[in-house]
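Taking UniProt numbering, I'd label the letters of the sequence shown as residues 1 to 714.
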Amino acid sequence: MQTMVQTTKLDYGINMLQLQADFHFLLVKVANNAYASYNRLIGSCMPQALTAIGKGKYLLMFKELPMLSHDDNLNVREILLENKSQFRIFPNHLLQLLVNEQTANSPGLSEASKTPELLVVKENWCQQCSDMRLQCFAINVKVNWEQDLELRVQTYTETAEFKWDKPIYKIDAEHERLVRCYQPTNGPYFVRGNRKRNRNSVEFLSLQDESSFLQSKVGIAQTVLNNLNRNEKAYLTRPVTFHKSLVEQYSRTKLNETQAIWKQIAGSQLTIYAQPDDKLSTGLADRMAIELMKSYIVKESKIQIKRMSKAQSGLNIQVIRDEREGTAKDYYEISAKDQIIQHVTVEKFGNYRNGDEEVRWKPSVTGKDKDPGRDVSIIKLIQELCIKRDLARKRLEFVEEALAIKTLAFSFYYFYFLHESPDPEVMVIKLSFTSKKEMVFSKKKVSLNWLEQDDEFTRVCQLVFFSIFSAKKQFAWDSVECIVEFEGNQVLIQQLNRTVMPDGDRIRKQLSLNNPKRILSREKILNELNKLRSLISDNEQLAAAYKILQQVIVGMPVSFTLKELDTAARAQDLTPRKNGMKQVNRFLEANASFTLKTTLQREMPNSPLTGMKWIGLTRIEDSNLGFNAFYFVGSSRSLQTRIPRAVTLRRLLPLTGDDEMIDNLFPKLAAMMSVEFVRSGQYTVVPYPVKYLREFWLSEQRKYPEYRRSKNRQ
Numbered sequence: 001m002q003t004m005v006q007t008t009k010l011d012y013g014i015n016m017l018q019l020q021a022d023f024h025f026l027l028v029k030v031a032n033n034a035y036a037s038y039n040r041l042i043g044s045c046m047p048q049a050l051t052a053i054g055k056g057k058y059l060l061m062f063k064e065l066p067m068l069s070h071d072d073n074l075n076v077r078e079i080l081l082e083n084k085s086q087f088r089i090f091p092n093h094l095l096q097l098l099v100n101e102q103t104a105n106s107p108g109l110s111e112a113s114k115t116p117e118l119l120v121v122k123e124n125w126c127q128q129c130s131d132m133r134l135q136c137f138a139i140n141v142k143v144n145w146e147q148d149l150e151l152r153v154q155t156y157t158e159t160a161e162f163k164w165d166k167p168i169y170k171i172d173a174e175h176e177r178l179v180r181c182y183q184p185t186n187g188p189y190f191v192r193g194n195r196k197r198n199r200n201s202v203e204f205l206s207l208q209d210e211s212s213f214l215q216s217k218v219g220i221a222q223t224v225l226n227n228l229n230r231n232e233k234a235y236l237t238r239p240v241t242f243h244k245s246l247v248e249q250y251s252r253t254k255l256n257e258t259q260a261i262w263k264q265i266a267g268s269q270l271t272i273y274a275q276p277d278d279k280l281s282t283g284l285a286d287r288m289a290i291e292l293m294k295s296y297i298v299k300e301s302k303i304q305i306k307r308m309s310k311a312q313s314g315l316n317i318q319v320i321r322d323e324r325e326g327t328a329k330d331y332y333e334i335s336a337k338d339q340i341i342q343h344v345t346v347e348k349f350g351n352y353r354n355g356d357e358e359v360r361w362k363p364s365v366t367g368k369d370k371d372p373g374r375d376v377s378i379i380k381l382i383q384e385l386c387i388k389r390d391l392a393r394k395r396l397e398f399v400e401e402a403l404a405i406k407t408l409a410f411s412f413y414y415f416y417f418l419h420e421s422p423d424p425e426v427m428v429i430k431l432s433f434t435s436k437k438e439m440v441f442s443k444k445k446v447s448l449n450w451l452e453q454d455d456e457f458t459r460v461c462q463l464v465f466f467s468i469f470s471a472k473k474q475f476a477w478d479s480v481e482c483i484v485e486f487e488g489n490q491v492l493i494q495q496l497n498r499t500v501m502p503d504g505d506r507i508r509k510q511l512s513l514n515n516p517k518r519i520l521s522r523e524k525i526l527n528e529l530n531k532l533r534s535l536i537s538d539n540e541q542l543a544a545a546y547k548i549l550q551q552v553i554v555g556m557p558v559s560f561t562l563k564e565l566d567t568a569a570r571a572q573d574l575t576p577r578k579n580g581m582k583q584v585n586r587f588l589e590a591n592a593s594f595t596l597k598t599t600l601q602r603e604m605p606n607s608p609l610t611g612m613k614w615i616g617l618t619r620i621e622d623s624n625l626g627f628n629a630f631y632f633v634g635s636s637r638s639l640q641t642r643i644p645r646a647v648t649l650r651r652l653l654p655l656t657g658d659d660e661m662i663d664n665l666f667p668k669l670a671a672m673m674s675v676e677f678v679r680s681g682q683y684t685v686v687p688y689p690v691k692y693l694r695e696f697w698l699s700e701q702r703k704y705p706e707y708r709r710s711k712n713r714q
């Protein structure tokens with residue numbers, strides 16, 4: 001069976017003729033940053049919807065054209081959709097107009113909106129801060145120029161004053177939206193910004209129950225699309241759906257147990273020291289040392305934990321304050337050949353917040369074994385130390401021998417955008433290897449205005465320059481993960497705003513079938529099972545478990561919850577892990593109105609969660625009717641009921657050679673990503689040598705401050 005992966009790329013068709021027949025469209029350009037004039041204009045009329053199509057440019061959609069007063073700072077003109085391209089209006093802008101009319105209720109109606117985006121706010125997403133101001137977070141639902149549905153969490157904080165020239169928002173609780181406010185009215189008002197640095201997040205996906213699913217990004221996206229297709233059917237030549245593409249290759253390598261990292265430093269001394277004369281840094285260093293000294297895993301590996309006042313020869317962890325928090329001095333110490341130093345900050349690692357009296361960090365370990373050596377954040381520190389040790393020795397030792405040998409045939413290029421106009425420059429850093437597994441780093445600063453020079457760094461920079469959009473802008477180069485060079489060919493790995501999108505409709509259906517609080521009628525359920533009995537095959541285990549389940553239901557009360565039925569079934573040894581009951585649940589999921597256990601977290605060929613696990617290669621059609629290769633890097637473990645982050649797709653673009661080389665290269669790339677280098681228990685999302693490149697470059701920036709961006713200190 002072919003496996004398809006669903007992504008955030010949207011497939012749809014806009015009915016231009018019907019849209020133009022029913023609405024009028026105005027293009028408004030704001031001059032001289034006169035947003036107060038624009039806000040007064042919108043406050044004085046009633047558009048059906050509007051959206052931003054560029055800086056200071058807005059597209060407005062009206063059922064009836066209003067009488068608008070003249071303003072020298074506003075250029076207002078009516079346009080016809082047949083001429084949209086000359087005004088740089090594209091299908092995603094028209095779809096955004098329709099999206100902005102939707103609500104996140106289910107089922108939701110189409111409502112006129114003056115907000116240039118759809119900002120979804122759920123009831124429990126608003127809280128009161130310590131200064132008594134309200135703060136809420138919202139999901140910005142946006143169709144980008146690549147036809148992907150972006151779902152970004154944004155924070156909004158209460159403000160007392162209405163300002164004509166600033167974007168001011170209010171909560172529309174009835175429609176679960178945050179809406180723009182264009183003239184003074186009753187508060188509270190909100191402005192975008194997180195002044196308290198509270199961490200607001202929305203889970204990408206929740207499989208706990210139907211209610212929590214609907215509050216996740218996947219649930220919200222599916223609800224909005226369902227409402228859109230129902231309410232705007234007249235303006236769509238085909239429904240808006242998430243694109244599906246074939247998974248052409250899979251890599252299913254299982255990673256080692258996370259605590260295996262301690263074997264890498266077995267017999268070593270690990271020194272923990274703190275920034276001098278800082279109570280919080282000292283407190284965190286003390287806690288870390290005490291906890292690691294308790295660890296059986298650490299003792300078994302014969303690792304000596306030392307709490308010292310300064311770095312020692314060997315492996316070190318330095319506890320410092322985050323210099324971006326306003327401390328007077330940067331105490332960051334750079335690793336040397338005989339002193340390997342990994343750094344943690346009180347603010348990030350210690351989860352310290354302004355106003356706390358002390359750092360309350362402690363190991364976070366689940367399960368029966370509470371050994372601090374299994375703490376994910378600690379394991380990540382040891383991984384980072386091993387990488388820095390390899391860098392100090394300039395030799396591949398952290399990865400397994402077989403993988404290291406395969407890596408020697410590759411070279412990698414990393415890019416760091418230094419500054420923009422008038423002379424934009426990019427630092428190109430190269431990593432290659434000798435036959436003895438030695439790492440060789442080289443670098444060169446390349447001017448994007450002078451790409452005619454004939455050297456390898458300029459040539460590779462030129463290849464990237466003509467392969468990405470807005471190539472003289474920082475954001476464009478920030479999307480470039482690396483270039484991989486193999487057998488004379490070069491492939492660009494680029495991160496875009498495209499992710500795996502699980503099938504929300506199927507997930508919701510399966511969760512509703514397995515709602516533990518659902519009330520069942522004994523009579524109705526027995527009738528349903530009797531009718532379905534004829535569909536059961538000759539499988540003896542399935543038939544036997546099915547018969548016992550029917551007998552269990554006969555003994556139930558007239559009405560009962562699904563959880564009560566599950567408890568009664570388990571008492572008769574019908575547990576979900578038993579093969580017969582496993583088959584019964586799959587049968588019920590496919591044919592009945594309930595099931596005692598869904599297959600959501602199981603690996604199935606047609607799973608609605610395809611792409612959330614393993615490493616895979618797919619090709620997706622672009623707007624020019626060609627196909628681009630992408631890969632996804634999901635979990636290496638069983639999926640949990642709560643999934644905080646989306647799985648991002650990365651593009652594989654051949655800069656030399658043809659597209660067929662991707663098929664041969666992908667297994668090798670997947671092998672170099674099947675290591676734990678960034679997050680404990682997870683694959684690396686780019687080939688692992690890129691981590692060495694990044695760490696090398698960070699150390700260079702520490703040595704040479706002129707390599708740092710003035711706005712973005714490392």
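For each residue, glycine too, the CB sits at the ideal point set by N, CA and C.
Could you compute how far the alpha carbon of residue i sits from the alpha carbon of residue j?
{"i": "residue 92", "j": "residue 150", "result": "12 Å"}
{"i": "residue 2", "j": "residue 247", "result": "8 Å"}
{"i": "residue 89", "j": "residue 255", "result": "47 Å"}
{"i": "residue 37", "j": "residue 71", "result": "7 Å"}
{"i": "residue 610", "j": "residue 632", "result": "10 Å"}
{"i": "residue 299", "j": "residue 166", "result": "59 Å"}
{"i": "residue 713", "j": "residue 381", "result": "Summary for residue 713: the model assigns pLDDT 34, below 50, so the residue's position carries little reliability; its value from the coordinates is reported in the next sentence. Approximately 21 Å between the Cα atoms of the pair."}
{"i": "residue 26", "j": "residue 78", "result": "4 Å"}
{"i": "residue 711", "j": "residue 418", "result": "The pLDDT assigned to residue 711 is 47, lower than 50, so where the model puts this residue is not dependable, and the model offers no usable value."}
{"i": "residue 161", "j": "residue 137", "result": "20 Å"}
{"i": "residue 621", "j": "residue 627", "result": "4 Å"}
{"i": "residue 660", "j": "residue 616", "result": "16 Å"}
{"i": "residue 548", "j": "residue 516", "result": "20 Å"}
{"i": "residue 591", "j": "residue 228", "result": "29 Å"}
{"i": "residue 81", "j": "residue 45", "result": "21 Å"}
{"i": "residue 349", "j": "residue 500", "result": "29 Å"}
{"i": "residue 259", "j": "residue 346", "result": "24 Å"}
{"i": "residue 404", "j": "residue 102", "result": "52 Å"}
{"i": "residue 64", "j": "residue 235", "result": "17 Å"}
{"i": "residue 51", "j": "residue 180", "result": "12 Å"}
{"i": "residue 252", "j": "residue 614", "result": "5 Å"}
{"i": "residue 206", "j": "residue 641", "result": "6 Å"}
{"i": "residue 131", "j": "residue 355", "result": "13 Å"}
{"i": "residue 224", "j": "residue 240", "result": "10 Å"}
{"i": "residue 529", "j": "residue 550", "result": "7 Å"}
Along the chain, where does the beta strand (DSSP E) that runs through residue i open and close?
{"i": "residue 631", "result": "627–633"}
{"i": "residue 493", "result": "489–499"}
{"i": "residue 653", "result": "648–654"}
{"i": "residue 594", "result": "Segment: none, residue 594 is in no beta strand (DSSP E) and carries neither H nor E."}
Mind checking whether residue i and residue j have CB atoms under 8 Å apart?
{"i": "residue 391", "j": "residue 707", "result": "no"}
{"i": "residue 385", "j": "residue 342", "result": "yes"}
{"i": "residue 112", "j": "residue 154", "result": "no"}
{"i": "residue 653", "j": "residue 492", "result": "yes"}
{"i": "residue 135", "j": "residue 159", "result": "no"}
{"i": "residue 314", "j": "residue 269", "result": "yes"}
Who are residue i's beta bridge partners in DSSP?
{"i": "residue 798", "result": "Nothing in the structure corresponds to residue 798, since the chain is present only between 1 and 714."}
{"i": "residue 24", "result": "62"}
{"i": "residue 190", "result": "158, 169"}
{"i": "residue 148", "result": "9"}
{"i": "residue 271", "result": "306, 316"}
If you follow the alpha helix (DSSP H) that residue i is in, where does it begin and where does it stop?
{"i": "residue 229", "result": "217–231"}
{"i": "residue 689", "result": "689–703"}
{"i": "residue 567", "result": "562–571"}
{"i": "residue 461", "result": "456–465"}
{"i": "residue 111", "result": "Here residue 111 belongs to no alpha helix (DSSP H), and DSSP marks it neither H nor E."}
> Can you find at least 3 beta carbon pairs, one from the region 509–525 and one from the region 220–240, that sit closer than 8 Å?
Replying inline: no
> Between the region 463–483 and the region 175–187, are three or more C-beta pairs nearer than 8 Å?
Replying inline: no
>> Below 8 Å, how does it come out for the region 472–487 and the region 565–573: are there three or more Cβ pairs, yes or no?
In response: no
>> Would you call the region 538–546 in contact with the region 575–587, where contact means no fewer than 3 C-beta pairs closer than 8 Å?
In response: Yes, the region 538–546 is in contact with the region 575–587.
> Are the region 412–430 and the region 443–451 touching by the rule of at least three beta carbon pairs closer than 8 Å?
Replying inline: Cβ pair count under 8 Å is three or more, so yes.
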